[in-house]
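Asks: Numbered according to the UniProt record's numbering, the sequence shown spans residues 1 to 88.
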Amino acid sequence: MGITDYSIFAYLADVFILEPFRGVGLGKWLIETIMSHPELQGLRRWLLATKDACEFYRQFGFTELNNPNRFMEKWNPNVYLKIRDERI
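#1: So, for Tyr6: in the same chain, excluding its five sequence neighbours on each side, which residues have a beta-carbon less than 6 angstroms away from its beta-carbon?
#2: Report, in whole angstroms, the separation of the C-beta atoms of Gly27 and Ile17, which I expect to be a contact under 8 angstroms.
#3: Pull up the distance between the alpha-carbon of Pro68 and that of Lys74, whole angstroms please.
#4: I'd like the span of the beta strand (DSSP E) that includes Trp46, first residue to last.
#5: Buried or exposed for Leu47, please, with buried defined as at least 16 other CB atoms from any protein chain shown within 10 angstroms of its CB.
#6: Helix, strand or coil for Phe16, going by three-state DSSP, please let me know.
#7: Among Arg45, Asn76 and Thr63, whose alpha-carbon lies nearest the alpha-carbon of Ile8?
What follows is the structure in C-alpha coordinates.
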(Lines of atoms letter the chains of each structure in order from A and count residues from 1; the text may use other names and numbers.)
(Lines give C-alpha, C1' and ligand atoms only; values in the text may rest on other atoms or scores of the structure.)
Protein backbone atom coordinates (compact mmCIF):
# COMPACT_ATOMS: atom_id res chain seq x y z
CA MET A 1 0.00 0.00 0.00
CA GLY A 2 1.17 3.50 -0.63
CA ILE A 3 0.10 6.95 0.45
CA THR A 4 1.03 10.06 -1.52
CA ASP A 5 0.03 13.65 -2.07
CA TYR A 6 1.28 13.37 -5.70
CA SER A 7 3.33 16.47 -5.05
CA ILE A 8 6.27 15.92 -2.70
CA PHE A 9 5.74 12.81 -0.60
CA ALA A 10 5.04 9.07 -0.77
CA TYR A 11 4.99 6.46 1.97
CA LEU A 12 5.18 2.75 1.22
CA ALA A 13 3.55 0.45 3.78
CA ASP A 14 2.93 -3.26 4.11
CA VAL A 15 5.07 -4.19 1.12
CA PHE A 16 5.82 -7.90 1.14
CA ILE A 17 5.91 -10.96 -1.06
CA LEU A 18 4.44 -14.20 0.27
CA GLU A 19 7.05 -16.83 1.13
CA PRO A 20 6.24 -19.28 -1.71
CA PHE A 21 6.78 -16.53 -4.30
CA ARG A 22 10.04 -15.05 -2.98
CA GLY A 23 13.34 -15.30 -4.78
CA VAL A 24 12.05 -14.84 -8.33
CA GLY A 25 12.28 -11.03 -8.56
CA LEU A 26 8.70 -10.11 -7.68
CA GLY A 27 9.76 -7.71 -4.91
CA LYS A 28 12.13 -5.87 -7.22
CA TRP A 29 9.48 -5.77 -9.95
CA LEU A 30 6.88 -4.43 -7.49
CA ILE A 31 9.06 -1.58 -6.17
CA GLU A 32 10.29 -0.68 -9.67
CA THR A 33 6.69 -0.60 -10.91
CA ILE A 34 5.54 1.61 -8.04
CA MET A 35 8.48 4.02 -8.26
CA SER A 36 8.29 4.36 -12.04
CA HIS A 37 4.61 5.32 -12.06
CA PRO A 38 4.30 8.52 -14.14
CA GLU A 39 2.32 10.40 -11.48
CA LEU A 40 5.06 9.83 -8.90
CA GLN A 41 8.07 11.14 -10.80
CA GLY A 42 8.07 14.61 -9.21
CA LEU A 43 8.17 13.43 -5.60
CA ARG A 44 10.86 14.83 -3.37
CA ARG A 45 10.65 12.24 -0.61
CA TRP A 46 9.78 8.56 -0.34
CA LEU A 47 9.53 6.93 3.08
CA LEU A 48 9.12 3.39 4.31
CA ALA A 49 9.81 1.42 7.46
CA THR A 50 11.59 -1.92 7.46
CA LYS A 51 13.39 -3.98 10.04
CA ASP A 52 15.03 -6.56 7.81
CA ALA A 53 15.07 -5.35 4.20
CA CYS A 54 17.36 -2.29 4.33
CA GLU A 55 19.80 -3.80 1.85
CA PHE A 56 16.98 -4.63 -0.54
CA TYR A 57 15.68 -1.03 -0.55
CA ARG A 58 19.16 0.51 -0.94
CA GLN A 59 19.22 -0.66 -4.56
CA PHE A 60 16.32 1.75 -5.18
CA GLY A 61 18.08 4.71 -3.56
CA PHE A 62 16.67 4.46 -0.03
CA THR A 63 18.95 5.40 2.88
CA GLU A 64 18.57 5.71 6.63
CA LEU A 65 16.87 8.92 7.79
CA ASN A 66 19.12 11.97 8.09
CA ASN A 67 16.90 13.43 10.81
CA PRO A 68 15.06 10.59 12.54
CA ASN A 69 14.21 12.86 15.47
CA ARG A 70 11.77 14.76 13.23
CA PHE A 71 9.50 11.76 12.87
CA MET A 72 6.86 10.83 15.40
CA GLU A 73 4.44 7.98 15.75
CA LYS A 74 1.26 7.12 17.55
CA TRP A 75 1.47 3.44 18.50
CA ASN A 76 -1.71 1.60 19.43
CA PRO A 77 -0.85 -2.12 19.49
CA ASN A 78 -4.17 -3.17 21.04
CA VAL A 79 -6.50 -1.33 18.68
CA TYR A 80 -7.88 -4.54 17.19
CA LEU A 81 -8.64 -6.00 20.61
CA LYS A 82 -10.44 -2.79 21.57
CA ILE A 83 -12.55 -2.87 18.41
CA ARG A 84 -13.33 -6.54 18.97
CA ASP A 85 -14.37 -5.93 22.57
CA GLU A 86 -16.62 -3.03 21.55
CA ARG A 87 -18.45 -5.31 19.12
CA ILE A 88 -19.08 -8.04 21.67
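Ideal Cβ placement from N, Cα and C applies to all residues, glycine included.
Replies: On the basis of the supplied data:
#1: Glu39
#2: 5 angstroms
#3: 15 angstroms
#4: Arg45 to Leu48
#5: exposed
#6: coil
#7: Arg45
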